[in-house]
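Enquirer: Chains as they are written, first to last, in UniProt numbering: chain S, 1 to 233; chain P, 1 to 233.
#1: If distances are taken between C-alpha atoms only, which option among S:38, S:119, S:25 comes closest to residue 79 of chain S?
#2: Can you tell me whether residue 140 of chain P is buried or exposed, with buried defined as 16 or more other CB within 10 angstroms of its CB?
#3: Tell me which residues of the stretch 24–44 of chain P have at least one Cβ-Cβ distance to chain S shorter than 7 Å, keeping chain order.
#4: Under 8 Å Cβ to Cβ from residue 218 of chain S, same chain only, skipping five residues before and after it: list those, please.
#5: Mapping the DSSP letters down to three states, classify residue 190 of chain P as helix, strand or coil.
#6: Tell me which same chain residues have a C-beta within less than 6 Å of the C-beta of residue 52 of chain S, skipping the five on either side of it?
#7: List the endpoints of the continuous alpha helix (DSSP H) containing residue 94 of chain P.
#8: Please list the residues of the stretch 113–137 of chain P that have a C-beta atom closer than 8 Å to any C-beta atom in chain S, keeping them in chain order.
#9: From the beta carbon of residue 49 of chain P, is the nearest beta carbon of chain S less than 8 Å away?
#10: Taking the alpha helix (DSSP H) that residue 81 of chain P belongs to, which residues open and close that run?
#11: What residues from chain S crowd round residue 67 of chain P, counting only those whose CB sits closer than 8 Å?
#12: Of the residues that make up the stretch 9–22 of chain P, which ones have a beta carbon closer than 9 Å to any beta carbon in chain S?
#13: Closest to residue 92 of chain P by CA distance: which of P:161, P:182, P:220 is it?
#14: Determine the direct distance from the alpha carbon of residue 103 of chain S to that of residue 11 of chain S, and round the result to whole angstroms.
#15: In terms of residue numbering, what span does the alpha helix (DSSP H) encompassing residue 235 of chain P cover?
#16: Can the beta-carbon of residue 240 of chain S be found less than 8 Å from the beta-carbon of residue 50 of chain P?
#17: By Cβ distance, which residues of its chain are closer than 7 Å to residue 171 of chain P, with the 5 residues on each side in sequence left out?
#18: I'd like the list of long-range same chain contacts for residue 225 of chain S, defined as Cβ closer than 6 Å, with 5 residues on each side in sequence excluded.
#19: How far does the alpha helix (DSSP H) with residue 205 of chain P in it reach, from first residue to last?
#20: Taking all protein chains shown into account, do 16 or more other C-beta atoms lie within 10 angstroms of the C-beta of residue 9 of chain P, making it buried, or fewer, making it exposed?
#21: Using CA coordinates, which residue listed in P:131, P:87, P:44, P:100 is at the minimum distance from residue 13 of chain P?
#22: Would you identify the three-state DSSP class for residue 64 of chain S, choosing helix, strand or coil?
#23: Tell me, please, whether the stretch 146–153 of chain S touches the stretch 68–75 of chain S by the rule of three or more beta-carbon pairs shorter than 8 Å.
#24: From residue 156 of chain P to residue 33 of chain P, what does the alpha carbon distance come to, in whole angstroms?
#25: When you compare the CB positions of residue 60 of chain S and residue 37 of chain S, do they come within less than 8 Å of one another, or not?
#26: Tell me whether the beta-carbon of residue 178 of chain S lies closer than 8 Å to the beta-carbon of residue 98 of chain S.
#27: Would you say residue 5 of chain P reaches chain S, if we count a Cβ-Cβ gap shorter than 8 Å as a contact?
#28: Under 8 Å Cβ to Cβ from residue 154 of chain S, same chain only, skipping five residues before and after it: list those, please.
#29: Would you give the residue range spanned by the alpha helix (DSSP H) that residue 156 of chain P belongs to?
#30: DSSP three-state call for residue 5 of chain P: helix, strand or coil?
#31: So with CB distances below 7 Å, who are the chain P contacts of residue 85 of chain S?
#32: Does the beta carbon of residue 64 of chain S sit closer than 8 Å to a beta carbon anywhere in chain P?
#33: Does the Cβ-Cβ distance between residue 209 of chain P and residue 223 of chain P come in under 8 Å?
#34: Indicate whether residue 128 of chain P and residue 27 of chain P have their beta-carbon atoms separated by less than 8 Å.
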């Protein structure tokens, strides 16, 4: 077992703290999809034309495709899906309130960078979970491949106006900063999830050095995404 | 051939005016789905709780499920999907701007009544079209069955507060009135669609008496829906 695939066994659910942590995580992802839906649907209003509006709206709609599965799984684990989502509502709503795009391009970069960050973060955590939960999360976070259109649009925008590149690079850093602030807040408030990362008697966990490496990986992937958009990280 | 199923044959596309009218109609339905998505996503913000918000948001997301097919068909007919939608933008945006719900219940009634009206209207027109177009439209307007939750919520709301029933009954009439105003505006502006209803040399059409009967049917179905919600039409 390597650090990147240290997963818990299915038997881990015998530990009530493990089950609680999984419910927490699924609740966070589910509310994240709902919040992303709302914000993408809003941000689509900034689109300069119908084709662009439809492209971003359909990314919004696709956030819904896995929500029912997440809700079902939370119920199977004996918890109420809406109660499970509630603790993450404030942090995720605050993230979106503090990163409301002021124009179409900021909306595109946010959709690309924000989505990517969330996906990477949850996948990192999923590596420490039982195979079934891991598969559910991986599927829920599946990239819809629609985001190729974002790369194309942002690069075209920068090619047409070089100042845009500088502004969007700053914007990307602000998104990363806000995401870290809210992630830290969740970590401080949700003991079960933090305990999950720390491991248990029969589950491998992350020590501080491993958490540091995880953040390094997240930052590297963020830089790669910025690079794909033609932006300095 | 009866009045309710008088459909044109597939050969009707040899008539350029027929093809133009079909493009018009598909453009109207496609933009209608986009506009409905936007407004439902907005109206979901009025939900009193997470479960309700998710129910309405997922109705919004489902508006997207057939949009790609409509766009493809418009392209096959040699037209640009976004240009085809454009002429209906103002009327549909105006409809939504003039019927912005002031609370959660108005949003629910609008989703139920507005969706139903649009579906009935397009199905009436689809009866005059070639089988392939008719099938595409019928499928695009398929009821997602999710609306049962609306009936339940509205009835429960009225049971808890009888004044709500009076207010929502007025609201339902206003929705019908605005829908008729915008439909009339579209009919006045879009010659191809009006010509479609009037028929052609080798296509049966509607005379004034038949149009009158169609509106009677639409009004009757509207009354039935209001009745389902526990509201006087």
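Using N, Cα and C, we set each Cβ at its ideal position, and we do this for glycine too.
Expert: Taking the definition as stated:
#1: With distances taken between Cα atoms, residue 79 of chain S lies closest to S:25.
#2: That one is buried.
#3: Residues passing the 7 Å Cβ filter: 34, 37, 38, 41.
#4: If we look at residue 218 of chain S and ignore the five residues flanking it on each side, its Cβ neighbours are 117, 120, 121, 124.
#5: Residue 190 of chain P: coil per DSSP, three-state reduction.
#6: Excluding sequence positions up to five before and after residue 52 of chain S, its CB lies less than 6 Å from no other CB in the same chain.
#7: First-last of the alpha helix (DSSP H) with residue 94 of chain P: 89–98.
#8: Here the close residues number zero.
#9: Contact of residue 49 of chain P with chain S is assigned, a C-beta pair being separated by under 8 Å.
#10: Per DSSP, residue 81 of chain P belongs to the alpha helix (DSSP H) from 81–85.
#11: Chain S residues near residue 67 of chain P: 54, 58.
#12: Against chain S - using a Cβ distance shorter than 9 Å - the stretch 9–22 of chain P contributes no residues.
#13: Closest option to residue 92 of chain P, Cα to Cα, is P:182.
#14: Going from the Cα of residue 11 of chain S to the Cα of residue 103 of chain S covers about 49 Å.
#15: No statement about residue 235 of chain P is possible, as the shown extent of chain P runs from 1 to 233 and does not include it.
#16: Given that chain S is displayed from residue 1 to residue 233, the structure contains no residue 240 of chain S and the question cannot be resolved.
#17: The beta carbon of residue 171 of chain P is closer than 7 Å to those of 106, 109 in its chain, skipping five residues each way along the sequence.
#18: Correct list, in chain order: 113, 116.
#19: Here residue 205 of chain P belongs to no alpha helix (DSSP H), and DSSP marks it neither H nor E.
#20: Residue 9 of chain P is exposed by the Cβ-count criterion.
#21: Nearest of P:131, P:87, P:44, P:100 to residue 13 of chain P, Cα basis: P:131.
#22: If DSSP states are grouped into helix, strand and coil, residue 64 of chain S belongs with coil.
#23: The stretch 146–153 of chain S vs the stretch 68–75 of chain S: no contact.
#24: In a straight line, the C-alpha of residue 156 of chain P is about 28 Å away from that of residue 33 of chain P.
#25: Cβ atoms of residue 60 of chain S and residue 37 of chain S: closer than 8 Å.
#26: Yes; because the gap between Cβ atoms is below 8 Å, this pair is in contact.
#27: Unreliable positioning characterises residue 5 of chain P in this predicted model, as indicated by a pLDDT of 48, which lies under 50. The coordinate reading is nonetheless provided below. Judged by the 8 Å Cβ criterion, residue 5 of chain P is not in contact with chain S.
#28: Excluding sequence positions up to five before and after residue 154 of chain S, its CB lies within less than 8 Å of the CB of 105, 108, 109, 112, 168, 229, 230, 231, all in the same chain and listed in chain order.
#29: Its alpha helix (DSSP H) spans residues 148–160.
#30: For residue 5 of chain P, the predicted structure reports a pLDDT of 48, less than 50, and the residue's modelled location is therefore unreliable. The matter cannot be settled from this model.
#31: For residue 85 of chain S, the chain P residues whose C-beta falls within less than 7 Å of its own C-beta are 50, listed in chain order.
#32: Interface residue, yes.
#33: Against a cut-off of 8 Å, the Cβ pair of residue 223 of chain P and residue 209 of chain P comes out as no contact.
#34: Their beta carbons are not under 8 Å apart, which means residue 128 of chain P does not touch residue 27 of chain P by this criterion.
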